[in-house]
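K.L.:
In the UniProt record's numbering, the protein residues as written are 1 to 180.
1. Is the number of C-beta pairs between the stretch 38–46 and the stretch 154–161 that are closer than 8 Å three or more?
2. Could you pull out every residue in the same chain whose Cβ sits closer than 8 Å to the Cβ of residue 126, ignoring the five residues on either side in sequence?
3. Would you call the stretch 73–82 in contact with the stretch 136–156, where contact means no fewer than 3 C-beta pairs closer than 8 Å?
4. Between the Cα of residue 26 and those of 146, 54, 49 and 68, spot the shortest distance and give me the residue it belongs to.
5. Shortest alpha-carbon distance to residue 29 belongs to which of 72, 64, 48 and 170?
6. Distance, Cα to Cα, residue 66 vs residue 180?
7. Does the beta-carbon of residue 176 have 16 or more other beta-carbons within 10 angstroms, so that it is buried, or is it exposed?
8. Quick one: what does DSSP say residue 26 is sitting in, helix, strand or coil?
9. Where do the N-terminal and C-terminal ends of the alpha helix (DSSP H) with residue 132 fall, by residue?
10. Rank 62, 164 and 138 by C-alpha distance to the C-alpha of residue 32 and give the top, closest one.
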């Protein structure tokens, strides 16, 4: 995921050196992604939808687009937040227990990838803008998270719907990158 985000919009060399004056340095991207996905309890489906959103963003950006020192972090946060919200609002089945339906529809060896409940003790609630702000440890305010979510939605032209065919096509196209 880090490579997808970094390849999306490279930072300008002069901007790369510009760090915020605030008390918190920008963490390395791979560490940041691991930290957020762990604490948020992100499952494979959410990560795949976020990658599809990032792909849509890449298609929408001009070829010569460049970003600031934290653009990759912001794109990751926006994509994972939006994917989490969309999947949370999607009706997976008519059953009142979506875990049972979903887990019965995939091979038992895959069940842990599709778990809706993380083994992470820090993951007790759904991903919200406030929770994501707290996980960022002071790097971004709730207002920053709200703004980057709106900007990302505009960038992908509000194309939030991802169906099973979109996921299958993405996985097939990127199977080498995903080590499948």
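We put the CB at the ideal spot given by N, CA and C, even for glycine.
P.N.:
Well, looking at it:
1. No, they do not touch.
2. The count along the chain shown starts at 1 and reaches residue 126 at position 126. 84 and 88, listed in sequence order.
3. Contact between the stretch 73–82 and the stretch 136–156 is present, with at least three C-beta pairs closer than 8 Å.
4. Counting from one through the chain shown, the residue named residue 26 turns up at place 26. Nearest C-alpha to residue 26: 68.
5. Taking the first residue of the chain shown as 1, we reach residue 29 at position 29. For the residues 72, 64, 48 and 170, the minimum Cα distance to residue 29 belongs to 72.
6. Against the chain shown, residue 66 aligns to sequence position 66. Against the chain shown, residue 180 aligns to sequence position 180. Their backbone Cα atoms lie some 31 Å apart in a straight line.
7. Residue 176 sits at position 176 when you count from the first residue of the chain shown. Under this definition residue 176 is an exposed residue.
8. Here the question's residue 26 lines up with position 26 in the chain shown. DSSP places residue 26 in coil when its eight states are reduced to three.
9. Indexing the chain shown from 1 puts residue 132 at position 132. First-last of the alpha helix (DSSP H) with residue 132: 129–135.
10. If you number the chain shown from 1, residue 32 lands on position 32. When each option's Cα is compared against that of residue 32, the closest is 138.
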